[in-house]
Every structure is written in structure tokens, then in C-alpha cells.
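Engineer: Residue numbers (our numbering): 1176 to 1345.
#1: Spatial neighbours of residue 1278 within its chain, please: CB distance less than 6 Å, with the 5 preceding and 5 following residues excluded, ordered by chain position.
#2: Which runs of the alpha helix (DSSP H) spanning at least 4 residues fall entirely within the region 1269 to 1319, listed in chain order?
#3: Is residue 1236 near residue 1204, with beta carbons less than 8 Å apart?
#4: Alpha carbon to alpha carbon, how far is residue 1206 from residue 1215?
#5: Is the distance from the Cβ of residue 1212 to the Cβ of residue 1250 below 8 Å?
#6: Just to check my reading of the structure: residue 1304 and residue 1330 have Cβ atoms closer than 8 Å, yes? What is that Cβ distance to the nearest angstrom?
#7: Between the beta-carbon of residue 1255 and the beta-carbon of residue 1225, is there less than 8 Å?
#8: If residue 1265 and residue 1219 are in contact, beta carbons under 8 Å, what's the gap, nearest whole angstrom?
#9: Among 1319, 1221, 1262, 1253, which residue has its Cα nearest to the Cα of residue 1298?
#10: Short of 7 Å in beta carbon distance, which residues of its chain neighbour residue 1333, apart from the five on each side in sequence? Order them along the chain.
#11: What first and last residue would you give for the alpha helix (DSSP H) that runs through residue 1233?
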């Protein structure tokens, strides 16, 4: 990545292309999030698109990789906005919780539901809780304390009554 940075800084397009080609050929689910962050930073849309495609196809493995909890909030939001992830929403929520715990540590904050929710901001609203089963929601997100009591009640109503009330998580 430092070579790519240098190639861009000194406008050496041939080296830049070789760096991007090398990164593309070494892209895997274990490094997709790290490379996605770098691709966004270095304005490499083709590489970023390949990373997102890898994350879509191997979501569970990519979220389990060490680099996932190191991504920035904008990258997290970009991934959560996708409708093509191949993972249960409950597992995605667990990954978001892990990311928020790591972000609390990075910012030297106590890991608490209040701090986690504050750091997650809009990302929490991108988790599509209504796509969870009522059981997944009840044992996971409902007890996480990341959602307000009102949000938990609204979601339980969504799961149990017809017509479905409007909820902000879709």
C-alpha cells in the first residue's frame, strides 16, 4: 500500500497499475475489508468494487477476518447499505457490535451501550432488524441495550401484529 501511495503521489501510472493489479490478485475474504478501506482512501473505485464483490460473496468469512474491526465508520456504512450481503442479519448485527467495541477501545472510551450507539451513529439504523426472526431479535439485538426501549417495543410489534407498523430499520 505504501508503494501505491508513492506511485500516486509522484504520478507514476505504470507503477500505480502494477500495484493495483497485485492487490487485485491477492484479494481474499481475509483481507477484503482492509483493502476496501485502502481502495477508498486512495480513490481506486475498481479495486473497491472488487473488494465489495468479495465481501458480498463471502460475507461471514470477511466479517470474521481481523481487518473488519479496523475499518472506518464510512466503510462500515458503505457495507451495511448493501442489499447483496450473504449473511443473516443477526450475524451482521453481531459483527457491528464487535466493530463498535473495537472503536470504543481505539477512542479510549469505556465499552458501554451508550458509547457504542454514539460511535455507530447512522450505522445502527442500517441494520435491518425486521429481517431477523423474532427469536434472533429477542436473544440478540433486543438484549444488547444498543436499542432504546421504544425501538425494541416497535420491533416486537412489527414481528407480531398485522398490519405491520412502520419501523425505521428497513
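Note that the Cβ used here is the ideal one computed from N, Cα and C, for glycine as well.
Every value quoted in this text rests on a predicted model; they were computed, and no experiment measured them.
Structural biologist: Checking against the coordinates, here is how it stands:
#1: Around residue 1278, the same chain offers 1294 as residues with beta carbons nearer than 6 Å, after the five sequence neighbours per side are excluded.
#2: Listed in chain order, the alpha helix (DSSP H) elements of length 4 or more contained wholly in the region 1269 to 1319 are 1288 to 1295, 1297 to 1301, 1309 to 1314.
#3: In this structure, residue 1236 places its C-beta atom within 8 Å of the C-beta atom of residue 1204.
#4: Between the C-alpha atoms of residue 1206 and residue 1215 there is a straight-line separation of about 14 Å.
#5: In contact: residue 1212 and residue 1250 (Cβ atoms closer than 8 Å).
#6: Going by Cβ atoms, the distance from residue 1304 to residue 1330 rounds to 5 Å, so yes, they are a contact pair.
#7: Their beta carbons are not under 8 Å apart, which means residue 1255 does not touch residue 1225 by this criterion.
#8: Contact doesn't hold; Cβ gap of about 32 Å is too wide.
#9: Of the candidates 1319, 1221, 1262, 1253, the residue whose Cα lies closest to the Cα of residue 1298 is 1253.
#10: Cβ within range, chain order: 1305, 1339, 1340, 1342.
#11: For residue 1233, there is no enclosing alpha helix (DSSP H), as DSSP gives it neither H nor E.
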